[in-house]
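Residue numbers (this note's numbering), protein chains in the order written: chain H, 1094 to 1189; chain U, 1217 to 1469; chain R, 34 to 366.
Take a look at the structure set out below.
In structure tokens form, the structure reads like this:
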């Protein structure tokens, strides 16, 4: 078979409506960013699911390592004083 | 509106409807066969836009005609002599470059045309034009990008793009005669096409330059689509498209 | 459109996989526990090799089915009998292309590039749903595909929205959201034709006759010939057995056919009060396995069409990539 390659891989993020943040939707293959945006539009927003699209070359995404979960995320677990529910509010105080 | 003007307005709507229908039908041929699935989706979207436009124009044409024909009556019950699309849109898909050449040349014209149509005093045509402009701006842009990618891609894609343009170039002049024979109604609704050809040539030249492609040499234009004298490519397309309603003419689908 | 896990069933379940990779027992136990607790596994999480492999095979098979599935319907796109039907069909086939992309995208997160999966399809190594190896002969086939094939697909796909692999589950949520229009448009075509002229009724009945059994085969081999079912269900990459889903499909579809005044081509079909469902005739499994092996009526056409599209499109993809490189060099300069 001839040397037949695919286009590069891009990650697609869609803002579904104003006020919301962009959310990962999936990926597309495209040669350049314009093509990636257009492919993302045709693939992920055919039913008006989007008002804005971001595309990022997949090779440019760095991800945290699940094996580092403990050192990465666990330390936040016992810092419960970061949450408002940690603090009692007297019953007499209605709005806080 | 006088019967004669009304008849011309029918003629104008049919020309525009047939342009969209035949090009949409051509794009359907790509479905499932495009160079990548992403491109398949894109070509389908272009096709869907065009079929939608065809339905609007032909519905209006049917009303103007007053013989009780709707969009399907016009699409499926006319033969080649009564189809009034330009020759450019019925040209075969060829390879991807040839399809892009056709789409680029046509949608660049169509966008300029629709911008003028959107200024006319015919309410229905104005409304269809305004809706279609959004779609066709995208067509013009995406096809121009592909001309650039292919023109300034590999030597092979450059040659193929050049060949595609070369095939289509003789049908370009016909685009600028869309009003021929129906000048009265064009004037009546205030359709001003005087500046289109220059703008079109400038836009095309700019894109081809960016694509490192030479402007195809001038040649004798081929005409006839607007009066029903088509290339040999239209007949088979119609036979296929119309086969069901023609075989079962008492059926609804 | 769904494809069931075909590889293991293609020999009728006679052969078993030979090599079991030995996994770290602690990791494996933790993994099994997570899955049993209905947690989602994500791309970078540890997973047993067999889980990864089965998923790549299952998801890519599913993706291939969507892409090959465009062809039988595409056969009627240019002959759709009205402009409305043409637009609907084009939008539907376009959805299938989209579904293929969602699924390839999910499969790629497991580390297999798309072109590798595509080449496995073209070489015959990868399978796709047997159903798409049957030809579409009349317009009623477009109705039957939407009604029966997409109907069967939905039945398979709905439970997969809760499958254990996160990217797959999310792709299925998207697919299912879009798929119900497919079945309805198919049933609408059938309704119009079944109530139409004699010629249309004939086409509708004929389409049901040809598509009924292949639709039942879409659920895959019977449970006692699906050696990997138990493991796949434990791993939550399959949520119901083939036979369960097949039964459900028959029970739901028979009344729909009755409403159309069409008869299901099965002399043994009758309602069984005790099980509150239909008994139905024996499926021709020889035919099924033959089609899995690539001996379906239009299998060669399907693979040729896909291979041609991929190979004839190579220069386009290459040109686009080369152009992009030129541009980024220009931008850098």
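Idealized CB from N, CA, C, for every residue including glycine.
Beta-carbon spacing of residue i, residue j below 8 Å
i	j	result
residue 1428 of chain U	residue 1368 of chain U	yes
residue 316 of chain R	residue 250 of chain R	yes
residue 1352 of chain U	residue 1335 of chain U	no
residue 234 of chain R	residue 226 of chain R	yes
residue 130 of chain R	residue 1253 of chain U	yes
residue 311 of chain R	residue 283 of chain R	yes
residue 1419 of chain U	residue 1324 of chain U	yes
residue 103 of chain R	residue 171 of chain R	no
residue 180 of chain R	residue 219 of chain R	yes
residue 1433 of chain U	residue 1377 of chain U	no
residue 137 of chain R	residue 207 of chain R	no
residue 1182 of chain U	residue 1333 of chain U	Missing from the structure shown is residue 1182 of chain U; chain U here goes from 1217 to 1469 and no further.
residue 1221 of chain U	residue 1400 of chain U	yes
residue 116 of chain R	residue 1244 of chain U	no
residue 327 of chain R	residue 157 of chain R	yes
residue 177 of chain R	residue 93 of chain R	no
residue 297 of chain R	residue 285 of chain R	no
residue 1292 of chain U	residue 1458 of chain U	yes
residue 1386 of chain U	residue 1440 of chain U	no
residue 122 of chain R	residue 175 of chain R	yes
Close Cβ partners of residue i (< 6 Å) along its chain, the five nearest in sequence each way excluded
i	result
residue 60 of chain R	79
residue 41 of chain R	Annotation note: pLDDT 42 at residue 41 of chain R (below 50); position unreliable, coordinate value reported separately. These residues qualify, in order along the chain: 260 and 261.
residue 1246 of chain U	1259
residue 1123 of chain H	1100, 1103, 1129 and 1132
residue 1405 of chain U	1336, 1337 and 1338
residue 247 of chain R	164 and 167
residue 1236 of chain U	1266, 1269 and 1270
residue 1362 of chain U	1316
residue 204 of chain R	135, 136 and 139
residue 68 of chain R	197, 268 and 269
Neighbourhood of residue i by C-beta distance below 8 Å, restricted to the same chain and skipping five residues each side
i	result
residue 350 of chain R	none
residue 1453 of chain U	1238, 1241, 1242 and 1306
residue 155 of chain R	336, 339, 340 and 343
residue 1296 of chain U	1444, 1446, 1450, 1451 and 1454
residue 314 of chain R	299, 300, 301 and 302
residue 194 of chain R	202, 205, 206 and 209
residue 1342 of chain U	1333, 1334, 1335 and 1336
residue 363 of chain R	none
residue 49 of chain R	Any reading at residue 49 of chain R needs caution, since the residue's pLDDT is 48, under 50, leaving its predicted position unreliable; the model's value is listed next. These residues qualify, in order along the chain: 260.
Other residues of its chain near residue i: CB distance less than 7 Å, five sequence neighbours each side excluded
i	result
residue 1098 of chain H	none
residue 279 of chain R	249 and 252
residue 1330 of chain U	1345, 1348, 1349 and 1352
residue 1277 of chain U	1226, 1229, 1230, 1233 and 1290
residue 89 of chain R	140, 143 and 145
residue 1126 of chain H	1148
Counting pairs of Cβ atoms below 8 Å between the segment 143-151 of chain R and the segment 214-228 of chain R, do you hit three or more?
no
Closer than 7 Å, Cβ to Cβ, to anything on chain R: give me those residues from the segment 1312-1325 of chain U, in chain order.
1312
Contiguous alpha helix (DSSP H) assignments of at least 4 residues, all confined to the segment 270-315 of chain R
275-292
Pick out the complete alpha helix (DSSP H) segments inside the segment 1304-1378 of chain U, 4 residues or longer, and give them in chain order.
1312-1333 and 1339-1367
Could you tell me whether the segment 1457-1467 of chain U touches the segment 230-240 of chain R, where touching means 3 or more Cβ pairs closer than 8 Å?
yes
I want to know whether the segment 196-203 of chain R touches the segment 61-77 of chain R - three or more CB-CB distances under 8 Å.
yes
Is it the case that the segment 267-276 of chain R contacts the segment 293-302 of chain R, given that we only count it when at least three CB pairs across the two stretches are under 8 Å?
no
Using a Cβ-Cβ cut-off of less than 8 Å, list which residues of the segment 1261-1287 of chain U approach chain R; keep chain order.
1261, 1263, 1264, 1267, 1268, 1270, 1271, 1274 and 1287
The segment 1262-1271 of chain U / the segment 1178-1186 of chain H touching (three or more Cβ pairs under 8 Å):
no
Any contact of the segment 1106-1118 of chain H with the segment 1130-1147 of chain H, i.e. 3+ C-beta pairs under 8 Å?
yes
Under 7 Å (Cβ pairs) to chain R, residues found in the segment 1111-1140 of chain H:
1119, 1120, 1121, 1122, 1124, 1125, 1128, 1136 and 1139
When you compare the segment 295-310 of chain R with the segment 118-129 of chain R, are there three or more beta-carbon pairs, one atom per stretch, that lie closer than 8 Å?
no
Inter-stretch contact at 8 Å, needing at least 3 Cβ pairs: the segment 1293-1306 of chain U / the segment 1385-1401 of chain U:
yes
Going along the chain, which residues of the segment 1144-1176 of chain H sit with their C-beta nearer than 9 Å to a C-beta in chain R?
1151, 1156, 1157, 1158, 1159 and 1160
Identify each residue in the segment 121-140 of chain R for which the Cβ-Cβ distance to at least one residue of chain B is less than 7 Å, and report them in chain order.
The structure shown contains no chain B; its protein chains are H, U and R.
Any contact of the segment 1156-1176 of chain H with the segment 1236-1245 of chain U, i.e. 3+ C-beta pairs under 8 Å?
no
Tell me, please, whether the segment 1304-1313 of chain U touches the segment 1342-1350 of chain U by the rule of three or more beta-carbon pairs shorter than 8 Å.
no
When you check each C-beta in the segment 230-255 of chain R against every C-beta of chain U, which residues fall closer than 8 Å?
230, 232 and 233
Which parts of the segment 205-256 of chain R are runs of the beta strand (DSSP E), unbroken and 3 residues or longer, counting only runs that do not cross its ends?
none
Against chain U: residues of the segment 88-104 of chain R by CB proximity under 8 Å
100, 103 and 104
The segment 1294-1308 of chain U: positions lying closer than 8 Å to chain R by Cβ
none
Report the residue ranges of all beta strand (DSSP E) runs contained in full by the segment 1104-1132 of chain H; include only those spanning at least 3 residues, in chain order.
1116-1123
Contacting positions in the segment 1356-1373 of chain U - beta carbon closer than 8 Å to chain H:
1358, 1361 and 1365
Please go through the segment 1217-1260 of chain U and give each complete beta strand (DSSP E) segment of 3 or more residues, from N-terminal end onward.
none
Those runs of the alpha helix (DSSP H) which lie wholly inside the segment 66-120 of chain R and span at least 4 residues
82-101 and 103-110
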